[in-house]
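Residue numbers (my numbering): 259 to 962. Cβ coordinates follow ideal geometry from the N, Cα and C atoms, glycine included. These numbers come from a predicted model, not from an experiment.
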Amino acid sequence: QHCHLNNDNLAFSLKFFQVVTQCATLESKHLDKVLRTRQLVFDFDGERPIPRLREPLDLFTIPSTSCPFQGVRWPIECEVIRDKIQHIEWDPSEPEPFYQPTGDEQAPMPVGGVRGNTVYRIDPATKSSYFTYSRVGGSRGPIKSATSCANHQEEPTLAFESRFESGNLRKAVQVGQYDYELTLRTDLYTTKHTQWFYFRVRNMRAGVTYRFTIINLMKASSLYSAGMRPLLYSEHAAWLKGEGWQRTGANIRYYRNNTEQDGKVLYSLTWTLEFPFDGDTCYLAHCYPYTYSNLQHYLREIISDPVRAAYCKLRVLCRSLAGNAVYVLTVTAPSSSLAERKAKRAVVVTARVHPGETNSSWMMQGFLEFLLSDLPDARLLREIFIFKIIPMLNPDGVVVGNYRCSLTGRDLNRNYRSLLHDSFPCIWYTRNMVKRLLAEREVVVYCDFHGHSRKNNVFMYGCSDRKDASQCLQERVFPLMMSKNATDKFSFRSCKFKMHKSKEGTGRIVMWRLGIRNSYTMESTFGGSTLGDRKGTHFSTRDLKSMGYCFCDTLLDFCDPDPAKTKHCLEELGLLLRQEVRRKLGREVDSLEDLCHIDIESSTSGSNSTESDGLPVHLLNATNQGKKKHLRSRKERNRLRQERVQSTGPKIIQRNIKHLVDLTKYMSISTSLQRTISDYTNPTVHNALLPRLQTSARNERYVL
């Protein structure tokens, strides 16, 4: 019987070899018809077939073009109106100028509901202190009325609404006939980060000057002080004139007011405007909105086009905390041979880790439009590189209208080193994807698109290796090339390359430490340009998308086989750096090695998210469940220790031994668990977390 089985196996092997030999003469598209299995796929290196297993199906499937994408999931506490909010895409024929202050702008102080009439108020979305559950459409049951319009007055009261995707307005108080105080909602499960606003207004009269004052902003400085103006969208103007978002407002002022929150001073933004039509439906926003539904609609267009779908594969990288899909696109031209495929280098581009930075999504859409187009440069990019693109890293934050955080109440761009993949799935899976990519091939450039609230123009932050003099200028080449390709929008002087300790958890620095030499964030202003012919004008969506085109163009220059451009840039960088040293330090430096070790960069003026670092709020809540111990002085502790020794006598020895045995058992169980929180070294949090992590480990919740 044993010999019989061996003969069968031998016969099968011979038959299989004959089939494979026949397959070698066939085109790959006919292999499935010859082979009985669909798991084997053959690549051809010349005439030699190379078998490999077919890639497994995605854990999360992408719907077909005939089916809608999954509905948007909200925290169960959030009320969501059923109105479908849509805006046309439009750009003004001429760049819109900055506001020029007159010096006579008023600075009204908050009055509140005591002296005013509250006309809009929504319940706090965070009925619990941390995220627990989500569902499509948000909370169950009927939508409560949030408005109180006293239309019996001589003039009608404005009707406000923000309970839609990416909306943010918590309260509106009428403090004058046409004067309204507005309070923004903080990021969910936090008491911070009020910057992004986006809300609807109805019931207005044309030709009347209205004043709006946001009273709970938290940043000490803003581009509104440098001429930036809010955005207005009129549905009547869109329908009658085909016009979309426009800059609006006069008497604009950003200033410190007389109120505080949690011991911190607050700031106000005030402006006046006239609505263009009676009884219109209008929207006001901090920047051009770009929602999660907008992204899904754009991705549907891509996969519905058979031409683009041939070289662009859409998958779901993971699910967010609320269950929304985090999409990843792989863009490359089909390879003619295995050797050609292996020779391709990779480029990784991500965006929207901070939900309020909608300008990053417009740059991302411009990048994708160019890369997926039929332009010769786009075809060349697809032939040279494999692109891994994650267009929206924080869909939950985008959906609920946060400015900076995810539903963990934490800044995702400070957690790229975290091992808590259940809490930060979008970041954990992104980092792992890049690790796998690096194991296969070189990653030429990593870039994360962002928005910036305090500086104009577009610029980059990079990573400088001061230990290697031969590489100290290399990281500046790509940004310098960007500035040459977009002279009226990109400012090389605003680029910084210093790696601050507080930014060690950012994607830029973590990817650099993984081995990507050219690792950047590209920051676009919320305002506009101060350069060239565009000086003193706002960016439109067309301008933001053009920076995506420029990124692709610069990538070709950066990877040009002819080193002339790179050599020229390195020479120019050396000259610029010497000039900067001479200007700031008043001395000459000839040696490149000495030049690289001189620190002349000022602070990046970036965002401070130190208050949003640390454990997710749901884990912090677990640490607070235990009974708080009363803190005693050293003198009291010594006295109590002596009293226990005197009262217990010799029995304390046996008790201590028992505790030591229990402690040994406890330590043997929790040894592996301590590694899961190795990046949180606070002893108090560490000890408080051990019981919860011990339980979680039994449920296989935390994975190293």
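{"Item": "Close beta carbons around Lys747, own chain, < 6 Å, minus the five adjacent residues each side", "Value": "Val716 and Ser787"}
{"Item": "C-beta contact flag for Asp706 and Thr608 at 8 Å", "Value": "yes"}
{"Item": "Proximity winner among Phe643, Arg712, Gly765 and Glu733, relative to Ser593 (alpha-carbon distances)", "Value": "Phe643"}
{"Item": "Endpoints, beta strand (DSSP E) assigned at Asn617", "Value": "Note, Asn617: premise wrong, no beta strand (DSSP E); alpha helix (DSSP H) at Thr616 to Leu629."}
{"Item": "Exposure label - Trp497; buried when at least 16 CB within 10 Å", "Value": "exposed"}
{"Item": "Exposed unless 16 or more other CB atoms sit within 10 angstroms - verdict on Ser430", "Value": "Sequence check: residue 430 is Ala here, not Ser. Burial call: buried."}
{"Item": "Residue of Lys823, Thr517, Met462 and Tyr556 minimising C-alpha distance to Met476", "Value": "Thr517"}
{"Item": "Rounded straight-line distance, which links the Cα of Glu335 to that of Phe682", "Value": "21 Å"}
{"Item": "Reference His345; option with closest CA among Glu363, Thr549, Tyr482 and Tyr447", "Value": "Thr549"}
{"Item": "Distance CB(Met740)-CB(Met718) smaller than 8 Å", "Value": "yes"}
{"Item": "Residue of Ser760, Leu833, Lys742 and His796 minimising C-alpha distance to Leu813", "Value": "Lys742"}
{"Item": "Where Gly765 sits in the DSSP three-state scheme", "Value": "helix"}
{"Item": "Distance CB(His708)-CB(His612) smaller than 8 Å", "Value": "yes"}
{"Item": "Per-residue DSSP class, three states only, for Gln732", "Value": "helix"}
{"Item": "Inter-residue Cα distance where the pair is Tyr378 and Gly396", "Value": "20 Å"}
{"Item": "Delimiting residues of the beta strand (DSSP E) encompassing Val606", "Value": "Arg603 to Ala609"}
{"Item": "Between the CA atoms of Leu677 and Ala604 - distance to the nearest angstrom", "Value": "25 Å"}
{"Item": "Given Asn582 as reference, the closest of Arg340, Phe455, Asn652 and Trp529 once Cα atoms are compared", "Value": "Asn652"}
{"Item": "Reduced DSSP secondary structure (H/G/I, E/B, other) of Phe389", "Value": "coil"}
{"Item": "Beta-carbon gap between Thr616 and Tyr546 smaller than 8 Å", "Value": "yes"}
{"Item": "Uninterrupted beta strand (DSSP E) stretches inside the segment 459 to 539 (no shorter than 3 residues)", "Value": "467 to 475, 489 to 492, 508 to 519 and 522 to 532"}
{"Item": "Rounded distance between the beta-carbons of Thr795 and Pro355, thought under 8 Å", "Value": "6 Å"}
{"Item": "Residue closest to Gly614, alpha-carbon to alpha-carbon, out of Arg662, Arg895, Val584 and Phe645", "Value": "Arg662"}
{"Item": "Buried versus exposed call for Leu365 [16 or more other C-beta atoms within 10 Å across all chains shown]", "Value": "Per the sequence presented here, residue 365 reads as Ala, with Leu not at that position. Answer is exposed; the Cβ neighbour count stays below 16."}
{"Item": "The beta strand (DSSP E) enclosing Trp332, as first and last residue numbers", "Value": "Arg331 to Pro333"}
{"Item": "Proximity test, Ala744 beta-carbon vs the ligand ZN heavy atom, cut-off 7 Å", "Value": "Of the ligands one can find in the structure shown there are none, so the ligand ZN has no counterpart to examine."}
{"Item": "7 Å Cβ shell around Cys684 - same chain, five flanking residues per side excluded", "Value": "Cys576, Ser578, Val584, Leu651, Asn652 and Leu670"}
{"Item": "Cβ neighbour criterion (16 or more within 10 Å) applied to Lys923", "Value": "Confidence at Lys923 is low in this model, with a pLDDT of 45, below 50, so its placement is unreliable and the value that follows should be read with caution. The residue is exposed, with fewer than 16 neighbouring Cβ atoms inside 10 Å."}
{"Item": "For Cys576, the three-state DSSP class (helix, strand or coil)", "Value": "strand"}
{"Item": "Inter-stretch contact (C-beta, 8 Å, three-pair minimum) for the segment 478 to 488 and the segment 504 to 513", "Value": "yes"}
{"Item": "Closest residue to Ile343 among Arg511, Ser551, Pro333 and Pro350 (Cα-Cα distance)", "Value": "Ser551"}
{"Item": "Beta carbon of Leu831 nearer than 8 Å to that of Leu731", "Value": "yes"}
{"Item": "Cβ contact check for the segment 367 to 375 and the segment 815 to 824: 3 or more pairs under 8 Å", "Value": "no"}
{"Item": "Residues that DSSP places opposite Val702 in a beta bridge", "Value": "In DSSP, Val702 forms no bridge with anything."}
{"Item": "Exposure of Ile767, with buried meaning 16 or more beta-carbon neighbours within 10 Å", "Value": "buried"}
{"Item": "Rounded separation between Trp770 and Arg792 - CA only", "Value": "34 Å"}
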